[in-house]
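Participant: Below are the structure tokens for one structure; questions will follow.
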Amino acid sequence: MEGLSSLRAIASAPGKVILFGEHAVVYGHPAIAAVTDQRTVVEVDRCGDRFTVNGFRIHERYHSYLLKAVEELWHEQDAVRIQTEGGVPSASGTGSSAALTVATVAALHRLQGAGTDPADLARVAQDAFLVERKTQGGGSPVDTSISTAGGAVAVAGKPPGVGQPLWDVHWEDQSWHVERVPLPELDVVVGNSGVKGRTDAQVAKVRNAATKNVLVRDTLAEMGQVARDAVPLLAADDRVGLGALMDKAHACMHTIGVNHPAVQHLVDAVREAPGTYGAKITGAGGGGSMIALTDKPHRAATAIEDAGGTPYVVRLGGPGVQWDATMAP
Ligand code: PMV
């Protein structure tokens, strides 16, 4: 390969849903997340001296994650042209910014000579978290690690001990441990309330409440236990049990203060729909989205739509980040 240089790298990464343990994971308790069948594709080409995104000069206001990725991770002289094709709906709680960040990091690594073995995947997970953390502030590596790993993972501050260890992610003096956990073939229905809930604001709100209130701290620990309890139920494809845990997790999220009337309205509607096992907020809350586990995704989707939400039926599982690199003389 001497004399050849890589001119272009293409990577894709999936969206995600958090099944259990969001917010709790910020305090080291376990969370469980799974990828969806929606993917974002990023192509990065070496080019002259202008960094562009989809034909426009890269700009912090419009391309905050991409600019941070380039600033932190691109170490070469020439500029890059970035093209993105987003298959993960934005602001839907299904991990669009993590998918974009992971695919971009993977393409930038590849263009600078990285391989695609498990150690390279671990570096993508670490660097994607660094980019996300530097762009949006406090949070955990759940979104970036699940989008890198594919399938389903457990993430916690101590080794969760519920699956196969994949990698650790570090930030300052904090570490998280990521394990692969089983995932049956499941469809879930995501319902977006249309109310924007900002992840950083919700994380800050819960942090403030946890500092002052032991009930909030205990509830965060209970949410972590619910995530642990979910792993054997995922292995057994026990939908009744998983639905009941979703309902319990939802009640906990209400207690810690991240529910919103518009989201509760969707949860109430979908629980009435035939085939629903359980429903909960997914992601940071304060608006945003809920998910329902159901045998009748189209009935759940109709219930969400009738209640004023935007439904997405997603199939859980599938690959994490994938590369397609083009070498040229
Ligand atoms: O809003 P989302 O889907 O990115 O999920 C946020 C999950 C939190 O646990 C609230 C924060 C985090 O980074 O883990």
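Numbering-wise (my numbering), the sequence shown opens with residue 244 and increments by one.
Ideal Cβ positions, reconstructed from N, Cα and C, are used throughout, including at glycine.
Indicate whether threonine 344 and alanine 312 have their beta-carbon atoms separated by less than 8 Å.
Facilitator: In contact: threonine 344 and alanine 312 (Cβ atoms closer than 8 Å).
Participant: Is the closest heavy atom of the ligand PMV to the C-beta of aspartate 480 under 7 Å?
Facilitator: Incorrect: aspartate 480 has no Cβ contact closer than 7 Å to the ligand PMV.
Participant: Looking only at DSSP bridge pairs, what is proline 562 linked to?
Facilitator: Gly393, per the DSSP bridge assignment.
Participant: Measure the C-alpha to C-alpha separation of alanine 395 and glycine 329 and round it to an integer number of angstroms.
Facilitator: The alpha-carbon atoms of alanine 395 and glycine 329 are separated by roughly 21 Å.
Participant: Please report the Cβ distance between lysine 259 and alanine 341, rounded to the nearest whole angstrom; I am assuming they are in contact, meaning their Cβ atoms lie under 8 Å.
Facilitator: With a Cβ gap of about 7 Å, lysine 259 and alanine 341 count as contacting.
Participant: Going by the CB atoms, is the gap between threonine 337 and valine 285 shorter than 8 Å?
Facilitator: Taking 8 Å as the Cβ cut-off, valine 285 and threonine 337 do not qualify as a contacting pair.
Participant: Candidates Ala349, Val459, Thr387, Pro273: which alpha carbon is nearest arginine 251's?
Facilitator: Checked all of Ala349, Val459, Thr387, Pro273; the closest Cα to arginine 251 is Ala349.
Participant: Determine the DSSP secondary structure at lysine 539, reduced to helix, strand or coil.
Facilitator: The answer is coil: DSSP assigns lysine 539 none of H, G, I, E or B.
Participant: Cβ of threonine 498 within 8 Å of Cβ of tyrosine 520?
Facilitator: Their beta carbons are not under 8 Å apart, which means threonine 498 does not touch tyrosine 520 by this criterion.
Participant: Please state if the CB of alanine 322 and the CB of glycine 291 are separated by a distance shorter than 8 Å.
Facilitator: A contact, by the Cβ cut-off of 8 Å.
Participant: Where does leucine 573 fall in DSSP's three states?
Facilitator: For the chain, the structure presents residues 244 to 572; residue 573 sits outside this window and is missing.
Participant: What's the call for proline 403, buried or exposed, on a 16-neighbour Cβ count within 10 Å?
Facilitator: Per the 10 Å Cβ criterion, buried.
Participant: Of all the alpha helix (DSSP H) runs that stay within the bounds of the segment 283-323, which reach a length of 4 or more residues?
Facilitator: Listed in chain order, they are 307-316.
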